[in-house]
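A short write-up of the structure that comes next.
Protein chains: 2
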Amino acid sequence: MDNQGVLAVISGFSGSGKGTVMRALLEKYDNYALSVSATTRSPREGEIDGRDYFFRTREEFERMIDEKELLEYAQYVGNYYGTPKDYVMSNLQAGKDVLLEIEIQGALKIRESFPDAVLIFIAPPGAAELRRRLVGRNTESPETIEARLRRAEEEAQQMDEYDYLLINDNVDCCVKELHNLIQSMHMRMKNHLSFAEKIKEEMKQI
Amino acid sequence: MDNQGVLAVISGFSGSGKGTVMRALLEKYDNYALSVSATTRSPREGEIDGRDYFFRTREEFERMIDEKELLEYAQYVGNYYGTPKDYVMSNLQAGKDVLLEIEIQGALKIRESFPDAVLIFIAPPGAAELRRRLVGRNTESPETIEARLRRAEEEAQQMDEYDYLLINDNVDCCVKELHNLIQSMHMRMKNHLSFAEKIKEEMKQI
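Those protein sequences? They're chains A and B, same order as listed.
Numbering-wise, the working numbering comes out as the position in the first sequence, counting from 1, plus 21.
Numbering-wise, the working numbering comes out as the position in the second sequence, counting from 1, plus 21.
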């Protein structure tokens with residue numbers, strides 16, 4: 022499909038700033054739709070159901086799994102996270118670029134079902150900066166911070182699987198780079214196969 | 022190599038405007054180096070040896086082939102065209118993005134020796150517009166224009182082989198898109214493998 026949107030799967034260590042970058046991207050440009058994940062974890066302060074996540078009970082979540090209403094799902098630190106399917110598909114078909122912020126297991130599952138998905142990893146400039154950002158949030162216990170750092174260590178082992186890496190040392194730059202990257206993906210030959218067929222036919226006539 | 026330049030191989034039908042787009046790109050941004058091809062064809066009016074092409078005799082060109090001084094070469098409408106190797110390699114290593122404007126056979130040969138090369142095809146919005154542009158040049162005989170159109174018809178059959186397609190219906194837009202595309206290629210994970218290794222090591226320490 023020539024005019025289909027791009028599915029951009031975005032991951033990054035907790036503390037990489039990916040949430041801030043994605044919010045800025047959505048504010049600045051009109052062509053994006055943010056896929057809202059479903060989760061069984063508790064809302065953090067300020068998080069709103071349906072905007073940040075669809076907060077669901079385990080029973081509700083397991084029903085969605087059974088009904089195949091999820092594009093992918095995974096467990097992370099004892100909770101389910103998953104991507105409701107309908108919203109992603111309808112937005113892509115409408116030509117919107119869909120942003121999926123998910124963790125690494127989910128990202129790799131998405132690639133299996135959508136080989137055209139673009140997998141983007143957002144990293145801080147270094148591990149020390151990651152710790153500084155996590156501590157600076159002032160919302161999490163030292164134990165949670167340690168758990169997030171150990172999780173980041175695990176995730177780092179798989180980051181090579183991603184197609185693109187953005188180093189977030191400046192939010193504004195990172196937003197611009199992410200936008201340019203996703204827009205460039207529209208130029209992939211596979212997004213222009215109808216055009217290619219059309220011009221081949223025209224060439225025969227002219 | 023994390024800081025190596027991107028090799029962008031750019032092709033397009035004669036009359037697609039790719040020459041204009043590339044000149045504008047080089048004028049507007051500092052990070053590009055244009056690979057100058059060697060050829061045995063005669064200079065067109067205004068073309069300068071060493072800027073537009075290295076104009077060589079058949080004997081000189083065949084000596085370059087024998088001495089393996091060319092990255093690729095091909096024949097097109099009875100003339101040799103080829104890419105001198107040294108300039109491309111030294112610029113990539115210096116972190117410059119190298120632009121290679123070559124025809125389709127050469128582009129596919131480059132991909133064989135450089136799998137990291139990005140193959141970009143520039144097309145006009147349609148075949149009728151291509152004819153208008155060729156006629157509008159006022160530099161070529163009707164026979165040459167017909168030969169170019171028939172060649173374009175052949176080339177169109179292989180355009181699907183390219184990684185990216187840019188439709189040039191506005192030079193300024195096309196220049197910006199091309200720049201964003203090439204710069205986005207710096208974010209490929211394979212351009213960041215040293216960074217990925219570094220952050221994995223740091224994570225173990227922190």
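Positions of the beta carbon are idealized from the N, C-alpha and C atoms, including for glycine.
As the structure is a prediction and not an experimental result, all values here were calculated from the model.
Residues of chain B whose Cβ lies closer than 8 Å to the Cβ of L170(A) are, in chain order, M224 and I227. Contact residues of the stretch 41-66 of chain A toward chain B are absent (C-beta to C-beta distance below 7 Å). Just measuring C-alpha positions, the residue of S134(B), E83(B), E150(B) and T165(B) sitting nearest I220(A) is E150(B). Taking the C-beta atoms as reference points, D184(B) is found nearer than 8 Å to V139(B). With contacts defined as CB atoms closer than 8 Å, L186(A) and M208(B) qualify as a contacting pair. Two segments are said to touch when three or more pairs of C-beta atoms, one from each, lie closer than 8 Å; by this definition the stretch 93-110 of chain A touches the stretch 42-61 of chain A. In the structure shown, P105(A) adopts extended strand secondary structure according to DSSP, grouped into three states. Against chain A, the beta carbon of Y183(B) has neighbours under 9 Å at M210, listed in chain order.
Residues of chain A with a Cβ closer than 7 Å to the Cβ of A177(B) are, in chain order, I220, K221 and M224.
Residue pairing for Q96(A): DSSP places it in a beta bridge opposite Y101(A). If only uninterrupted beta strand (DSSP E) runs of at least 3 residues are considered, those enclosed by the stretch 54-98 of chain B are 91-97. When Cβ pairs closer than 8 Å are counted between the two stretches, the stretch 187-205 of chain B is seen to touch the stretch 38-50 of chain B, the count reaching three or more. When the Cα atoms are used, K49(B) and K39(B) turn out to be separated by approximately 15 Å.
Proximity of chain B to A149(A) at the Cβ level (cut-off 8 Å) is accounted for by E223 and I227, in chain order. Pairwise C-beta distances place the stretch 123-141 of chain A in contact with the stretch 30-39 of chain A, as three or more of them are shorter than 8 Å. Out of P136(A), V57(A), D87(A) and A168(A), the CA that lies nearest to the CA of V119(A) is found in V57(A).
Among the residues facing chain A, E198(B) is included, as its CB has a counterpart in that chain under 8 Å away.
For S32(B), the enclosing beta strand (DSSP E) begins and ends at L28 to G33.
Boundaries of the beta strand (DSSP E) around D118(B): D118 to E122. If you compare the alpha carbons of Q178(B), Q226(B) and E161(B) with that of A173(A), the shortest gap goes to Q226(B).
In terms of beta-carbon proximity, R79(A) stays away from the interface with chain B, with every pair separated by 8 Å or more. Of all residues in the stretch 116-143 of chain B, none has a C-beta nearer than 7 Å to a C-beta of chain A. As the crow flies, the alpha-carbon of L121(B) is around 12 Å from that of R132(B). Here Q179(B) has I125 as same chain residues with Cβ atoms under 7 Å from its own Cβ, once five neighbours each way along the sequence are excluded. Beta-bridge partners assigned by DSSP to F142(B): S32(B) and L186(B). At least one beta carbon of chain B lies nearer than 8 Å to the beta carbon of E174(A).
By the neighbour-count definition (other C-beta atoms within 10 Å, threshold 16), K89(B) is an exposed residue.
If you ignore the 5 residues before and after A144(B), its C-beta comes within less than 8 Å of the C-beta of G33, F34, S37, M180, L186, L187, I188 and N189, all in its own chain and listed in chain order.
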